[in-house]
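Chemist:
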Amino acid sequence: MTAPFLVELFNRSLAAGHFPACFKEAFITPVIKKAGLDAANVRSYRPISNMPVLSKLLERLIVQQLMYYLMSANLLPQLQSGFRPCHSTETVVLKVLSDMLQAVDQGDVAALVLLDLSAAFDTVDHDILLRRLSVTYGISDAAHAWLRSYLSCRSQYVRCGSSRSSTIYLVCGVLQGSVLGPLLFVLYTAGLISLIKSHGLSPHLYTDDTQAFVGLPLLENSQRRSQSARLLSPAG
4 MTAPFLVELF
14 NRSLAAGHFP
24 ACFKEAFITP
34 VIKKAGLDAA
44 NVRSYRPISN
54 MPVLSKLLER
64 LIVQQLMYYL
74 MSANLLPQLQ
84 SGFRPCHSTE
94 TVVLKVLSDM
104 LQAVDQGDVA
114 ALVLLDLSAA
124 FDTVDHDILL
134 RRLSVTYGIS
144 DAAHAWLRSY
154 LSCRSQYVRC
164 GSSRSSTIYL
174 VCGVLQGSVL
184 GPLLFVLYTA
194 GLISLIKSHG
204 LSPHLYTDDT
214 QAFVGLPLLE
224 NSQRRSQSAR
234 LLSPAG
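Okay, so the sequence shown: first residue is 4 according to our numbering, each after it adds one.
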């Protein structure tokens, strides 16, 4: 039975705030993003990282504990539908479509801007992420140290058939194909919601896709609403 040994290993890792170094090397299997793309172009491939099974088991344990903390403290961004239970593409479509239909019903012009981050997972700044985890989400002490250890000193190489590239060390990014990476990406990009709202737009996020919506009242509709407001006011 290996379970008792894994429990001991994982408990010591969490208590010490240290992610085992032997779990930090990954190999990348290039996967073409969708059929029809140029197979000779490296931009046509998605870099999926393959990690040790024990690494993913430990990450899954962290995700469960972190999600429980975030949900119980109501810290998860409400307008982010990626990598979360009971949140999916359907919730994004329903929210954005509802906002647009409501604006059209009021006689407004509905404008929707769709943004897609390029190489989103690969551009996560570790220092900014760790600062956000501490300041915004209150993660500190051994838990924060463990996440810092998880992100630091990672290496990867590309493997294709019997060939492999040289090993490189990562200075930024969270791994595609990891268990914990998607949740860290959600927490990293949550600040986009308040930024978009500060410009008078209604945001909704799904993984690395961002929707920014605004309803623009037509001049005649604006005048009609002003007249209706005056008529309905007590002074009127």
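Yeah, the Cβ is synthetic: ideal placement off N, Cα and C, and Gly gets one too.
(1) Which residues in the same chain as K36 place their Cβ atom closer than 8 Å to its Cβ, once the five residues preceding and following it in sequence are excluded?
(2) For F216, which three-state DSSP category applies?
(3) Please report how far the alpha carbon of L204 lies from the alpha carbon of I131, in whole angstroms.
(4) Let me confirm a value: T210 is counted as buried when at least 16 other C-beta atoms fall within 10 Å, else exposed. Which label applies?
(5) Using a Cβ-Cβ cut-off of 7 Å, state whether G141 counts as contacting chain D.
(6) What separation, rounded to the nearest whole angstrom, lies between the Cα atoms of V59 and V112?
(7) Taking the straight line between their C-alpha atoms, what separation do you get for L248 and C25?
(8) What does the alpha-carbon distance come out to for the pair Q83 and I196?
(9) Quick one, are the C-beta atoms of V217 and A122 less than 7 Å apart?
(10) Given A145, which residues of its chain have a CB within under 8 Å of its CB, disregarding the five upstream and five downstream residues?
(11) Express the C-alpha separation of A106 and S231 in angstroms, rounding to a whole number.
(12) In terms of residue numbering, what span does the alpha helix (DSSP H) encompassing Q83 cover?
(13) Are the segment 154-167 and the segment 71-80 in contact at 8 Å, needing three or more beta carbon pairs?
(14) With which residues is A29 paired in a DSSP beta bridge?
(15) Alpha carbon to alpha carbon, how far is K27 from Y140? Give it in angstroms, no decimals.
(16) Mind checking whether D119 and D41 have CB atoms under 7 Å apart?
(17) Below 8 Å on the Cβ atoms is my guess for V174 versus E62; work out the distance and round it to an integer in Å.
(18) For T192, tell me which candidate among Q81, V45, C89, I31 has the shortest Cα-Cα distance.
(19) Using the Cα positions of R180 and L154, report the straight-line distance between them to the nearest angstrom.
(20) Within 10 angstroms of the Cβ of V116, are there 16 or more other Cβ atoms? Answer buried if so, exposed if not.
(21) How many whole angstroms separate the CB atoms of L190 and V177, which I take to be in contact at a CB cut-off of 8 Å?
(22) Can you name the residues that DSSP bridges to A114?
(23) Please classify M4 as buried or exposed, where buried requires at least 16 neighbouring CB atoms within 10 angstroms.
Modeler: With the structure as the only source:
(1) For the purposes of this step, residue 36 is taken as residue 33 along the sequence shown, with counting starting at 1. So the list reads S47, Y48, R49, once near-sequence residues are dropped.
(2) For the purposes of this step, residue 216 is identified with residue 213 of the sequence shown, where counting begins at 1. Strand.
(3) To locate residue 204, count along the sequence shown from 1; it is residue 201. To locate residue 131, count along the sequence shown from 1; it is residue 128. Each residue's alpha carbon lies about 25 Å from the other.
(4) One-based indexing of the sequence shown puts residue 210 at position 207. Buried, since its Cβ has 16 or more Cβ neighbours within 10 Å.
(5) The question asks about chain D, but that chain is absent: this structure has only one protein chain.
(6) To locate residue 59, count along the sequence shown from 1; it is residue 56. To locate residue 112, count along the sequence shown from 1; it is residue 109. It should be pointed out that residue 59 corresponds to Lys in this sequence rather than to Val. Near 47 Å, if we compare the C-alpha coordinates of V112 and K59.
(7) With the chain covering 4 to 239 only, the question about residue 248 has no answer from this structure.
(8) Within the sequence shown, numbered from 1, the residue matching residue 83 stands at position 80. Within the sequence shown, numbered from 1, the residue matching residue 196 stands at position 193. Straight-line spacing of the CA atoms in Q83 and I196 works out to 8 Å.
(9) As a working mapping, residue 217 is identified with position 214 in the sequence shown. As a working mapping, residue 122 is identified with position 119 in the sequence shown. For V217 and A122, no; Cβs fall outside 7 Å.
(10) Translated into positions along the sequence shown, residue 145 becomes position 142. Apart from sequence neighbours up to five positions away, the residues of its chain that approach A145 with a beta-carbon distance below 8 Å are L17, A18, A19, G20, ordered along the chain.
(11) Locating residue 231 in the sequence shown gives position 228, counting from the first residue. Locating residue 106 in the sequence shown gives position 103, counting from the first residue. Note on S231: pLDDT 49, under 50, position unreliable in the model; no value is reported.
(12) Position 80 of the sequence shown, counted from the start, is the residue given in the question as residue 83. Element bounds for Q83: n/a, residue is neither H nor E.
(13) Touching, no.
(14) For this step, residue 29 is matched to residue 26 along the sequence shown. Answer is Q159.
(15) For this step, residue 140 is matched to residue 137 along the sequence shown. For this step, residue 27 is matched to residue 24 along the sequence shown. Going by the C-alpha atoms only, they are around 25 Å apart.
(16) Position 116 of the sequence shown, counted from the start, is the residue given in the question as residue 119. Position 38 of the sequence shown, counted from the start, is the residue given in the question as residue 41. 7 Å or more divides the Cβ of D119 from the Cβ of D41.
(17) If you number the sequence shown from 1, residue 174 lands on position 171. If you number the sequence shown from 1, residue 62 lands on position 59. Not confirmed; about 20 Å, so no contact.
(18) Position 189 of the sequence shown, counting from 1, holds the residue named residue 192. Selected option, being the one with the closest Cα: Q81.
(19) Stepping through the sequence shown from its first residue, residue 180 is reached at position 177. Stepping through the sequence shown from its first residue, residue 154 is reached at position 151. It should be pointed out that residue 180 corresponds to Gly in this sequence rather than to Arg. Straight-line measurement puts the Cα of L154 at about 14 Å from the Cα of G180.
(20) For this step, residue 116 is matched to residue 113 along the sequence shown. Counting of Cβ neighbours within 10 angstroms places V116 among the exposed residues, the total staying below 16.
(21) For the purposes of this step, residue 190 is taken as the residue at position 187 of the sequence shown. For the purposes of this step, residue 177 is taken as the residue at position 174 of the sequence shown. That pair is no contact at about 10 Å.
(22) Position 111 of the sequence shown, counting from 1, holds the residue named residue 114. Answer is V217.
(23) Locating residue 4 in the sequence shown gives position 1, counting from the first residue. Answer is exposed; the Cβ neighbour count stays below 16.
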